[in-house]
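Read the structure below first, then the notes.
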Amino acid sequence: MDTIRIQLPIPRLLRLFAAFAALLVASPALAQTTGSLRVTVVDSDEFEIPNAEVTLSSPSLPGGAQMKTTSSSGIAVFSDLPPASNYKVEVKSPAGEALVENVPIKISREYALTVTVAAGEVIVVEAKEKAVDTSSTSRGSVLTKEFLQRVPSGRTYQTAVQQAAGVAVGTGQGGNPNIGGAAQNENTYMLDGANITDPVTGTFSVNFNFDAIQQIEVLLGGYMPEYGVSLGGVVNVVTDSGSNNLEFNSSVFYTNGDWRPRMDERISADGTTLAPNGWDNTFQTIQIGAIVKGPVIRDKAFFILSYQHSRSLIAVSGTPQSRDFDAHYVLGKLTVQPSSEHRFTAFLQMDPTTIDNTYQGSPFLKDDSQGRQTQGGAVTSARWQWFLSPETNLDTVFTFQKSFIEASSVPCTHNRDRVQNKCQVDEAEGEIDWYTPGRIGQFGAFDSVNNIQYYFDDRFRFNLSSKLSLLAIEDPLGGTHDFKFGVEGSQLIWDQTQGINGNLVYYDLLAVPFDPESFANYFYVEYSKPIKFRTTGSQFNFFLQDSWKPVPNLTINYGTRFDNSVMRNDLGEPVLSANMWGPRLFAAWDPWGDQKTKIATGYGRFNDTGRLSVADFTSQSGYGAKLFLGEYFGSANGTGFLNNQTLNYEYDPATNFNTSHDTLRNPRTDELVLILEREVITDFALSSSMSGKFTRNIFEFDDINIIYDENGSTNIGSRFGDPDTNRFRIRTPQLAKRDVFQWDLSARKVVARRWGGQIIYTYSQAFGSSNSALSGSFANDPQTQYNYGNLLNAQNHVVRVIGIWDLPTDPWTQQIGLFFVGASGYPIDRAYWSNVGVNGGFGVRQRPRGTYTREPGFWDLSVRFQQVFDVRKGRLKLSVEAQNITNNRAGGFVSQNFIAQTNRYVLLNRQDPFRLQLGAIYEF
Amino acid sequence: MFRTSIALGLLLPALATGCAWDEGLEIRNMTGTVVIPREAATRTFQRSDGTVEEVTDVRLIGPVYVGLYPSVQPEDTVQRYPHPEVGPLFSADLSIGDAYPYGGTTIGTFRSACLKDMACRIPSGRFYDFQEMADWFADTLESPIKDIYDQPITSGELIRQTCFSTLNYTSDAEIGLTVTSDRNEDGVLDHEDLDFVERTDGNFEGEFLIWQQEYATNADGQGFTLWAFMDSPAPGDGAFSTCDSTRGRQVDEYAEDFRAGAVYQDLLNRPSVRLNRGDWVAGQQEATGDYGYIYQSPDDLPEIWINWQID
């Protein structure tokens, strides 16, 4: 077949060489932030038409309209298109003319558009979303702004990704989902091409204005090397960039969960709370936001400024003080394309946040012992896209990110209306008490007097990345290639300062039974002075990939990436040092070439480059601690208590004995995928997507000191003559593994004729020894016999139903969206008594992991109704969203302590209650 | 085609290197057999009616401890009985230097003391069921287990139900003191599934399994030395001296408030502190002439005899 031919003249070769040289000194996990369009022009007899003029335009297209001429096979390809749904394609040829409107471009997807022209006619059609993307080999989906604003989504990108197939429901902590069967800290988060994954924890690290999101790509697997490294999924967020249209958007969303019938606590005969009333105290959130975007110079420079204030007051588990989350999200982006060759983008995002009353796990907590956490940071990037030719471009990005967490006591207040730490008479408003030791209550006693600790945590990432793309390169043997080559370098820094208020912590019991005001000191621990230390990391990688279309209905995606990663502890010692190859080979076949069927399969290796928290495991900075017995013991034996050195019970030196084995290999996942899709009737497709992910060499540690009895329930000796001290050693044993099988079955109706919807059933099995890095699976040698079983991620069944319906009530538009999710519970273990340690605890298994019992399943139905009014100079959108409309209150996390000690099923929290969200958006 | 070849050329070596990775640690599960001579499981009881009864029973085999040491010294070297070599004594409050074991395990452990009177008296793997346990202490040792009211227990079911209610267990397997798994895979749960079974020669044998042991050799390439000892039940109440009654799970249900007991956490470091007259240790092995069993390879399947009685 004929293909697009590129003649590279000498000057272009020189420029290409220059670009290549620049690329070598640069350093990208340059995830896709744009999409592409492949236009095939045919006549009414379906013969390709060469030399037709194809003009692509959109208010969102920097640089203005682009014009190309079709090749001898009637094809014109447009790449690096910002995602939007308002592209217009005009075709002019001797055979006729055509106009196609509202062409949707999605992140990393190629929209294949066949335009039919007829002599003497101007054909006008409206494009629509494809039911089957026949060239993509990745497992995943793209959530568009239009979609997210029409269905109940939670209004954060972290909750919105729960709409995607393959994302576990309700298992992730703190908004970090389990994707593709991996751990919650094994995903990669990208924001406008910049990696915003927390370099320490592997979780997301940035919040921002939900309304500024243009599209979210959620990848489960099968993705190409340019997306970087991740054992789990990729959450690739691309924000709005502005357009030639000056637009203003302001919004208010208020959610209240206090309007439902109250649910009583469930209390056992002995007074134990088996299920808390759960967020029945307070549930209120408010989001106020504004966006202004538009042209700075028409067709050449676009801007967007976005601000959102987010505040929530939520109390869980009967805690009297609500968690007070107060955040400000600021996002700004300027895109400048002075010529057809160069596009520059400057990006800034900040999210300063204050959280008061952070501890919500126990009701036994007085307001003066609550904690405050300030957090946030900034991501800024500068991007240069150099279009050397219509088919060749170089994309270079520098990103700097700083995020911080500062935790302390809640500042005191004299304001009597505020439920938080009350100031003493002589204390100044807002004073933080760094010196008074906190008291931790046990067995019904209250935490009191002050918060326990403070820490200041700063994380930095410097990243320079560059990607060279050679698109639609003709292959002598036939077909075309899209080559991409990228390099990236990152420097990671983690600074920590930690201290204990007053260098003391008291542990109290009730002095008088059932009298919460009384306490008697059980024991107390004296700590050494505050510590300050730094952990660092550096990463370098490059990738090479190709998307080869030997024939129009076959796409072969292959490539590899190389990752070098070094993570150092606080002594500067390289704890992790790895060189890894990640080859990928996938193919997608449209057997009948009608863009209605896809058979895709392939293999890929995904490496884990490690996190600073893994290297920090061997950091030597630590607290020295000395434990003293308190008045509880003193009163019993009559010898007194405080500071009595004869009652010095235990001493821990301020030295961490953890080490790492010399030979480590970074964890990696080998994945096999098989995807079958078929558009069975117009706009309606059935699909089956299967994945097997086999993860090996997960970071784990063993104990090189303690010797155990036959089942690991007690220690019987010490290799170093020190039976009280664990000496952990990081390893990556072959035994530390995880096997995940996931199968998504879906029926999808694309949004057309005023409605759309999707039903997805996901079956998954996760079996192995380690949920995530440093899980402790191998710390106790004899417990290896019970290590293998169902992992937390083994949420066997998940059903999602998503529906969108526009009511036929023109000129006003009324929209209804619904989201239903039902999921089976995840496995939980029972831990049995272990004598390891001074006081022992519940920490060993007697049967294989994940076989004791399971959490109950849960389901949630949310419905959204939106009414759009045409008002002066703009539109007003009023919405009502009923979340968890049936007020289903399934249990959330189960107390492992109670399962272990009393075999009772004690819920720590419940599913979010029924909430009503009222929203108003004004835009012009 | 050329480019495809390059791709495959990159892909295949990468896959091959992934499969060939070696952690560089010689770690494996090490198993072997401990043989208890018949006389170590035999005791003569002077009954209250004046009669004398000699009993040979697997229940007279206390918990067995297996350790891996640099070497084992003959009797009258470190101790009057064969004992692992020890390091220098540099702490005045210790009676003996540390033996610095490489690893070890137990055959039988103190798992579930459901009553105060059971603490440090009942190792796992010695009783077929709870009735046998009650009868052993009441009839053979003539020191019955007592309930929370200090009354002798004659019903095994009472012990079992007390375990369920006190420890919140729901199955015999969780209690872990009786036979609940078919260890010899003969299809029936019986006395052949206890930790130790009688051999045709009248002695008793049991298997040990040291989980995830890192193998070590000396400069001559010789492996560490396996040594083992058995804590015999004390005359009278049948308690065990290797059990620390101040450790173990704190049981404070109903009127009970006690520690369940657990093995001393430095037992393998200074075994002589806990060994008493009547206990048995591994001495010179008849098969090799060595003291203890000296590993030649991590794949060895040693048989070690606990053949020296401390007197």
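Sequence order for the protein chains is H and L. If you count by my numbering, then the first sequence holds residues 168 to 1091, one letter each, in order. If you count by my numbering, then the second sequence holds residues 3 to 313, one letter each, in order. Even for Gly, the Cβ is constructed at its ideal location relative to N, Cα and C. Since this is a predicted model, take the numbers as computed values, not measurements.
Close Cβ partners of residue i (< 7 Å) along its chain, the five nearest in sequence each way excluded
i	result
S126 of chain L	G110, T111, R113, G178 and L179
N811 of chain H	Low confidence applies here, because N811 of chain H scores a pLDDT of 45, under 50, leaving its location unreliable; read the following figure in that light. None.
Residues near residue i by beta carbon distance below 6 Å, same chain, minus five either side
i	result
M857 of chain H	L841 and W910
A218 of chain L	Y104 and F226
F1094 of chain H	Given that chain H is displayed from residue 168 to residue 1091, the structure contains no residue 1094 of chain H and the question cannot be resolved.
R1071 of chain H	F1065
P304 of chain L	G34, L228 and Y295
R510 of chain H	P229, Q504 and Q552
Beta strand (DSSP E) segment containing residue i, residue limits
i	result
N878 of chain H	Note, N878 of chain H: premise wrong, no beta strand (DSSP E); not H, not E.
I38 of chain L	I29 to I38
D95 of chain L	D95 of chain L -> no beta strand (DSSP E), and no H or E assigned at all.
K916 of chain H	R905 to A919
F469 of chain H	A468 to I481
M120 of chain L	Element bounds for M120 of chain L: n/a, residue is neither H nor E.
R585 of chain H	Taken as a continuous stretch (DSSP letters only), R585 of chain H belongs to no beta strand (DSSP E), as it is neither H nor E.
K259 of chain H	A251 to S260
Proximal residues to residue i (C-beta, below 8 Å), its chain only, five neighbours per side dropped
i	result
R317 of chain H	I971, Q982, G984, R1031 and Q1033
Y1019 of chain H	P994, I995, D996, R997 and I1066
Q133 of chain L	S157, G158 and E159
T312 of chain L	A small fix is needed here, since residue 312 of chain L is Ile in this sequence, not Thr. If we look at I312 of chain L and ignore the five residues flanking it on each side, its Cβ neighbours are R82, Y83, L277, N278, R279, G280, D281, W282 and V283.
Q298 of chain L	Q224 and G225
L835 of chain H	For the record, residue 835 of chain H in the displayed sequence is Arg; it is not Leu. L398, M747, G749, R772, F773, N774, D775, T862, R863 and N864.
G1017 of chain H	G956, N957, L958, L959, A961, P994, I995 and D996
Proximity winner among the options, relative to residue i (alpha-carbon distances)
i	options	result
T980 of chain H	H:S931, H:R921, H:D491 and H:G888	H:R921
V270 of chain H	H:R276, H:V284, H:A331 and H:A251	H:A251
D1079 of chain H	H:D425, H:G1017, H:D625 and H:L386	H:D425
I346 of chain H	H:R306, H:Q382, H:R585 and H:S372	H:R306
D68 of chain L	L:H85, L:E55, L:L62 and L:P76	First, the amino acid is wrong: residue 68 of chain L is Val here, not Asp. Looking at the Cα atoms, L:H85 is the closest of the given residues.
V964 of chain H	H:Y421, H:V781 and H:G348	Note on residue identity: the sequence assigns His, not Val, to residue 964 of chain H. When only C-alpha atoms are compared, the closest one is H:G348.
Y790 of chain H	H:Y622, H:Y953 and H:V405	H:Y622
G369 of chain H	H:Q475, H:V402, H:G230 and H:R276	H:V402
F1081 of chain H	H:Q663, H:L1028 and H:K1040	H:L1028
M234 of chain H	H:I434, H:D247, H:V258 and H:P249	H:V258
Q658 of chain H	H:Q620, H:S615, H:K634 and H:S705	H:S705
E268 of chain H	H:A243, H:D247, H:A285 and H:K295	H:K295
K460 of chain H	H:P428, H:G409 and H:D493	H:G409
For residue j and residue i, believed in contact at Cβ under 8 Å, the rounded distance
i	j	result
Y694 of chain H	G797 of chain H	Y694 of chain H to G797 of chain H, Cβ: 16 Å. No contact.
I471 of chain H	I453 of chain H	So it is not a contact: roughly 23 Å between Cβ atoms.
G543 of chain H	N618 of chain H	The Cβ separation is near 20 Å, so there is no contact.
P320 of chain L	N271 of chain L	Beyond the ends of chain L as shown, which are 3 and 313, falls residue 320 of chain L; an answer cannot be given.
S632 of chain H	V564 of chain H	5 Å
T107 of chain L	D876 of chain H	6 Å
V405 of chain H	Y324 of chain H	About 11 Å separates the two Cβ atoms, so there is no contact after all.
Under 8 Å by beta carbon: chain C residues contacting residue i
i	result
Y102 of chain L	Here the protein chains are H and L, and chain C is not one of them.
The alpha helix (DSSP H) enclosing residue i, as first and last residue numbers
i	result
N1064 of chain H	Q1063 to T1069
G424 of chain H	Unbroken run through G424 of chain H: none, as it is neither H nor E.
D174 of chain L	D174 to I177
R1016 of chain H	It is not in any alpha helix (DSSP H) - R1016 of chain H carries neither H nor E in the DSSP assignment.
L169 of chain L	G158 to L169
Identity of the residues DSSP links to residue i by a beta bridge
i	result
R560 of chain H	In the sequence on display, residue 560 of chain H carries Asn and not Arg. For N560 of chain H, which the question treats as bridged, DSSP gives the partners H:F554 and H:S636.
R276 of chain L	According to DSSP, R276 of chain L bridges with nothing at all.
Q663 of chain H	H:D624 and H:F700
W282 of chain L	L:M232 and L:Q311
L515 of chain H	H:G499 and H:T547
K235 of chain H	H:V221
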